[in-house]
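Enquirer:
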Amino acid sequence: MIREQATDKRSPKTVRYEADLVVVGGGLSGTCCAITAARAGIQVVLVQDRPVLGGNASSEVRLWVLGATSHMGNNNRWAREGGFIDELLLENLYRNPEGNPLIFDTILLEKVVNEPNIKLLLNTAVYEVEKSDAETITGLKAFCSQNSTAYELVAPLFCDASGDGVVAFQAGAAFRMGAESREEFGEKFAPTAEYGELLGHSLYFYSKDTGKPVRFVPPSYALQDITQIPRYRRFNTKEFGCQLWWIEYGGRLDTVHETETIKWELWKVVYGVWNHIKNSGQFPEAETMTLEWVGQIPGKRESRRFEGDYMLKQQDVVEQRTHPDAVAFGGWSLDLHPADGVFSEKPGCNQWHSKGLYQLPYRSFYSRNIKNLFIAGRIISASHVAFASSRVMGTSAHGGQAVGMAAALCARDGLLPRDLTEPARMRELQQELLKTGQHIPGLVLHDDNDLTRKATLSASSELILNELPADGPLVPLTASAAQMLPLPAGPVPGVTVWVSADQATTLTVELRRSSKPDNHTPDVTLQTLTLSLPKGKQKLDLNFEYVLEEPGYVFITFQKNEHIRLQYSALRVTGILSVFNKINAAVSNFGKQEPTEDIGVDAFEFWTPERRPKGQNIALKIDSGIALFGVENLRNGIQRPTNQPNAYVAAPNDPNPTVTLSWPSLQRIGRVELFFDGDFDHPLETVIMTHPETEVPFCVRQYILCNDRNERIFQESDNHQTRNTIRFEQPVETRSLTIHLKTMNGPVPAALLEVRCYAE
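In terms of the UniProt record's numbering, the sequence shown is numbered consecutively and its last residue is 760.
1. Which residue or residues does DSSP assign as beta-bridge partners of E91?
2. Are I704 and H682 touching if we call contact CB-CB under 8 angstroms?
3. Report yes if the C-beta distance between L334 and Q314 is below 8 angstroms; otherwise report no.
4. For R16, I'd like the list of residues in its chain whose CB is within less than 6 angstroms of its CB, leaving aside the five on either flank, ordered along the chain.
5. Which of the three DSSP states is assigned to S380 in this structure?
6. Contact between the segment 467-485 and the segment 675-695 is defined here as three or more beta-carbon pairs at a separation below 8 angstroms; is this criterion met?
7. In three-state DSSP terms, what is L198?
8. Would you kindly check if the distance between the Cβ of E432 and the Cβ of L409 is under 8 angstroms?
9. Relative to the alpha-carbon of S736, which residue among Y758, A406, P664, T722 has its alpha-carbon at the smallest distance?
10. Distance, Cα to Cα, N561 vs E467?
11. Out of L199, R378, P476, N236, which has the shortest C-alpha to C-alpha gap to F283?
12. Which residues mark the beginning and the end of the alpha helix (DSSP H) in which S569 is found?
13. On a CA-only basis, which of S460, F175, A382, A386 is nearest D654? Give me that one, please.
14. Among the residues of its own chain, which have a CB less than 7 angstroms from the CB of A619, if the five just before and after it don't count?
15. From A388 to C242, what distance separates their C-alpha atoms?
16. What do you reckon, are the CB atoms on L157 and A411 nearer than 8 angstroms?
17. With DSSP as the reference, label Y362 as helix, strand or coil.
18. Under the rule that 16 or more other beta-carbon atoms within 10 Å means buried, what is R62, buried or exposed?
19. So G30 packs on G400, CB below 8 angstroms; how close in whole Å?
20. Have a look at K582 and H563 and give me their C-alpha separation to the nearest angstrom.
21. Please go through the segment 95-183 and give each complete beta strand (DSSP E) segment of 3 or more residues, from N-terminal end onward.
22. Please report how far the alpha carbon of D133 lies from the alpha carbon of S367, in whole angstroms.
23. Mapping DSSP to helix, strand and coil, what is P517?
24. Quick check: the segment 373-391 against the segment 158-172, are there 3 or more CB pairs under 8 angstroms?
25. If contact is defined by three or more beta carbon pairs under 8 angstroms, each pair taking one atom from either stretch, is the segment 597-615 in contact with the segment 708-721?
26. Can you check whether the CB of W64 is closer than 8 angstroms to the CB of residue 762?
27. Please identify the residue among F604, Y249, I556 whose C-alpha is closest to the C-alpha of D523.
28. Have a look at P441 and E81 and give me their C-alpha separation to the nearest angstrom.
29. Taking only three categories from DSSP, how would you classify T456?
30. Would you report the Cα separation of T288 and V273, rounded to the nearest angstrom?
31. Since T270 is in the alpha helix (DSSP H), which residue starts that stretch and which ends it?
32. Taking the alpha carbon of S717 as the reference point, which residue from M744, L21, N117 has its own alpha carbon closest?
33. Using C-beta distances below 8 angstroms, list every residue in its chain close to D518, excluding the 5 sequence neighbours before and after it, in chain order.
34. With distances taken from CA atoms, which of F185, P219, T69 is nearest A79?
35. Output needed for residue 762: all residues of its chain with C-beta closer than 7 angstroms, excluding positions within five of it in sequence on either side, in chain order.
36. Is the separation between the beta-carbon of N617 and that of I669 shorter than 8 angstroms?
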């Protein structure tokens, strides 16, 4: 029994934690930051004011994770974010292809609690910032209502990934809220006051069919007049969750302090919508349906944005400007929403894409006036227009990883965030990020400690792409189609394809490339062939008279013709894709982007893949073959297809694909890093949208490592991840390392993107 005498006042139990880095906010940006920092060797406290991690991706909100891939609806090929966010999404695919948000919660929590360098505080809200001077944070005070415990969190470095900037705001960091004028940065897409300066919140619902009649009596606060929502005719019984992202409200209010007001309005809308579906008589199929879940907290899009040493702008996104301190990338569209949200007569969003990926500069990830404060997530230093692209979760997570690595380097060397902008230190940060799989457009990994650099590489076979066999379906050319092929500099080889015409007709074939080598928008036409075809099945020899001045992908495009069927191939290969000039209205892709006024964006066509099991390659023969899949790609410093496949691919008929690293003298190997093909073109949305596999078919499932005596020193039998790190209990002494690529996760040739070996 506990018995205490009455007293004037008591303080809650208080616990003090000291760490190298305190991360506030357990959304994807904060979680990826914390794990990256912890794996780099520093002590981290991760503070989350909710009972689960994931923020807008959690089961509390249930928004799918997306970034530069944009539902495969833009021209950003192989653009899914790398590093830990890639690991997370592939793990979710493996365990949860159905998109259950509760399972995604468990994966996130498991990843964090398995890191010994992270102290996780859930249900804990930061309420006070302590400072030693105007520019320096010394500690935070937080409180957990579940265990009635106060926390004192002390560290030399802090990261605010809280979404609203709770730490940065209290610390006095410079910030903005609302839209900049068109004149301030010359951003032609800057919104008018009539459109509104803030994006609102959304709140979702899930429904299910019970198989028996279910009635619904709406709460008194439900919206009574559904016609107040201009798009009410779009409601149906099939769409739910974040498919109804446009149930949005709050852009005319204070999206920080009036969040509860906004939530109540969204509840009114959601229950009014369900009342309309259940009781209007327009949806008889809803008789047996029930409302299974309604969000308790809204998903926020925008509030404060904090100023760094650089502010990302519209031109950075559209023009794909390069930065010496690039640490991450974005690729989502410039995506603004009307401030009146669901009550607006305007379309729910106004999206404009760039032609490819854009770099995110490190100077946008720390406060310009609080010298030991990093910022991550949607609150980074960006204008309202640029924020419209950089705000999405995949991009935010990628930036959070950059912050985590930066914090690790600062903690190691006693530095402050701005110190890393010194060129030599920035290069180290970039190289450390590349080692983790964090793709940074335009940058190449060069690691002098990698023993692979001084090895002789050989393989049992190397793919020479002479053909994509004609063993797939004949598909009507109802939409223009193109085969992407990587080519070296020099003459474009002749190509043979097969078509079937149901009458005499004319086929137009264009050879295209992108105006920028790392883009995949076929906006430059090199040659046009106009071919007269008789009725029937026939082969076509396409002879191009063009010499490429630099290596890159070309697009052999077949313009739509309803009288023609095009022969496809069943063979899928790393770095090879077919794309189609089709519509994906979910991301404002209507086949071509055509702004009707000068808003500072480009006009161009969309050529996008189809999701598996569709999206087969176009069957063809290549006169001289394509020899760009050799073993030397394993150390070229690029871990995904960009302007080349950047992969070793074995010949399809190789019965035992192997790669061997040989050294003239005995080597001591303590760690091996392998990067496999996790299909960076697939978006891997986390909820609602199901996926065709639990493992990416291009990824090696089973592999074996052997030493120079052909002894097995490591075996993996169930891999589904891009990055594999092998640490030996005792360093292996050997003159060679052979990697046997035994089994794939699908019927594709064995592929490997990178090998690195280290003494420790």
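The beta-carbon is built from N, C-alpha and C at its ideal position, and this holds for glycine as well.
Expert: Looking at the coordinates:
1. Numbered from its first residue, the sequence shown carries residue 91 at position 91. The partner list for E91 (beta bridge, DSSP) is empty, contrary to what the question assumes.
2. Working through the sequence shown from its first residue, we reach residue 704 at position 704. Working through the sequence shown from its first residue, we reach residue 682 at position 682. Not in contact: I704 and H682 (Cβ atoms no closer than 8 angstroms).
3. One-based indexing of the sequence shown puts residue 334 at position 334. One-based indexing of the sequence shown puts residue 314 at position 314. Yes. Within cutoff.
4. Within the sequence shown, residue 16 is the residue found at index 16, counting from 1. Excluding positions up to five away in sequence, the list reads E152.
5. To locate residue 380, count along the sequence shown from 1; it is residue 380. Looking at the sequence shown, residue 380 is not Ser but Ile. In this structure, I380 counts as coil in the three-state DSSP scheme.
6. Flag = no, the segment 467-485 and the segment 675-695 do not touch.
7. Start at 1 with the first residue of the sequence shown, and residue 198 comes out as number 198. Under the three-state reduction of DSSP, L198 is assigned to coil, being neither helix nor strand.
8. Start at 1 with the first residue of the sequence shown, and residue 409 comes out as number 409. Start at 1 with the first residue of the sequence shown, and residue 432 comes out as number 432. Contact flag set, yes.
9. Sequence index remark: in the sequence shown, residue 736 carries index 736 (1-based). Comparing Cα-Cα distances from S736 to each of Y758, A406, P664, T722, the minimum goes to P664.
10. By 1-based counting over the sequence shown, the position of residue 561 is 561. By 1-based counting over the sequence shown, the position of residue 467 is 467. In this structure, the CA atom of N561 is about 24 angstroms from the CA atom of E467.
11. On the sequence shown, residue 283 is found 283 positions in, with the first residue counted as 1. Among L199, R378, P476, N236, the Cα nearest to that of F283 is on N236.
12. Numbered from 1 along the sequence shown, position 569 holds the residue referred to as residue 569. First-last for S569: undefined, no H or E at that position.
13. In the sequence shown, residue 654 corresponds to position 654, counting from 1. Checked all of S460, F175, A382, A386; the closest Cα to D654 is S460.
14. Here residue 619 corresponds to residue number 619 of the sequence shown, with the count starting at 1. Residues L468, P469, A470, G472, V497, W498, Q567, Y568, S569 of the same chain have their beta carbon placed closer than 7 angstroms to that of A619, with the five preceding and five following residues left out of the count.
15. Reading the sequence shown from its first residue, position 388 is the one you call residue 388. Reading the sequence shown from its first residue, position 242 is the one you call residue 242. Each residue's alpha carbon lies about 18 angstroms from the other.
16. Translated into positions along the sequence shown, residue 157 becomes position 157. Translated into positions along the sequence shown, residue 411 becomes position 411. Yes, these two residues count as a Cβ contact at 8 angstroms.
17. Taking the first residue of the sequence shown as position 1, residue 362 is located at position 362. Y362 sits in a helix when the DSSP states are folded into three classes.
18. Along the sequence shown, one-based indexing puts residue 62 at 62. Buried: at least 16 other Cβ atoms inside 10 Å.
19. Translated into positions along the sequence shown, residue 30 becomes position 30. Translated into positions along the sequence shown, residue 400 becomes position 400. Right, the Cβ-Cβ distance comes to about 6 angstroms (below 8 angstroms), so this counts as a contact.
20. Reading the sequence shown from its first residue, position 582 is the one you call residue 582. Reading the sequence shown from its first residue, position 563 is the one you call residue 563. Rounded to the nearest whole angstrom, the C-alpha separation of K582 and H563 is 18 angstroms.
21. 118-121, 124-133, 136-144, 149-154, 157-160
22. In the sequence shown, the residue the question calls residue 133 occupies position 133. In the sequence shown, the residue the question calls residue 367 occupies position 367. Roughly 15 angstroms separates the two Cα atoms.
23. By one-based count along the sequence shown, residue 517 stands at place 517. When secondary structure is reduced to three states using DSSP, P517 falls in the coil class, being assigned neither helix nor strand.
24. yes
25. The segment 708-721 vs the segment 597-615: no contact.
26. In the structure displayed, the chain extends from 1 to 760; residue 762 sits before or after that span and is not available.
27. Here the question's residue 523 lines up with position 523 in the sequence shown. If we check each option's Cα against that of D523, F604 comes out closest.
28. For this step, residue 441 is matched to residue 441 along the sequence shown. For this step, residue 81 is matched to residue 81 along the sequence shown. Straight-line Cα distance between these residues: approximately 11 angstroms.
29. Stepping through the sequence shown from its first residue, residue 456 is reached at position 456. Three-state result, T456: strand.
30. By 1-based counting over the sequence shown, the position of residue 288 is 288. By 1-based counting over the sequence shown, the position of residue 273 is 273. About 16 angstroms.
31. As a working mapping, residue 270 is identified with position 270 in the sequence shown. Residue 270 is actually Val in this sequence, not Thr. From DSSP, the alpha helix (DSSP H) with V270 extends over 259-279.
32. As a first step, residue 717 must be located in the sequence shown, where it is residue number 717. The shortest C-alpha separation from S717 is found at M744.
33. Translated into positions along the sequence shown, residue 518 becomes position 518. These residues qualify, in order along the chain: G356, L357, P441, G442, T642, N643.
34. Here residue 79 is taken as the residue at index 79 of the sequence shown, counted from 1. When only C-alpha atoms are compared, the closest one is T69.
35. Because residue 762 is not part of the residues shown, which for the chain are 1 to 760, the question remains open.
36. Here the question's residue 617 lines up with position 617 in the sequence shown. Here the question's residue 669 lines up with position 669 in the sequence shown. Contact flag unset, no.
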